[in-house]
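In my numbering, the protein residues as written are 470 to 558.
Working notes, structure below.
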């Protein structure tokens, strides 16, 4: 039992020392290349009724322009459609 405690402690110490020694060698690829993540633009579309045809036409129109539907909120009378699309670099 004493040997297993010593072996576990030794393995832990070696692992920690190795992690500290190599932490600066591991670099996130985006940071290494001087790049940042993608940028997005957003649109909010308000529809003042529950009309399935109107909802479908809004989603189809924005989808054909490269927008992605990211969320919908609303009540009985007002709906908000949230769209996003990636900006070109």
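Note that CB positions come from ideal geometry on N, CA and C, so glycine has one too.
Given the structure is predicted, the values throughout are model-derived calculations rather than measurements.
Item	Value
Beta-bridge pairing of residue 527 - partner residues as DSSP gives them	None, per the DSSP bridge assignment.
Residue 515 versus 541, 557 and 555, residue with shortest Cα-Cα distance	541
Assumed close pair residue 531, residue 512 - CB separation to whole angstroms, cut-off 8 Å	7 Å
Residue 536 beta carbon less than 8 Å from that of residue 553	yes
Enclosing beta strand (DSSP E) for residue 539 [first to last residue]	537-543
Integer Cβ distance of residue 539 from residue 551, believed to fall under 8 Å	5 Å
Beta carbon of residue 555 nearer than 8 Å to that of residue 519	no
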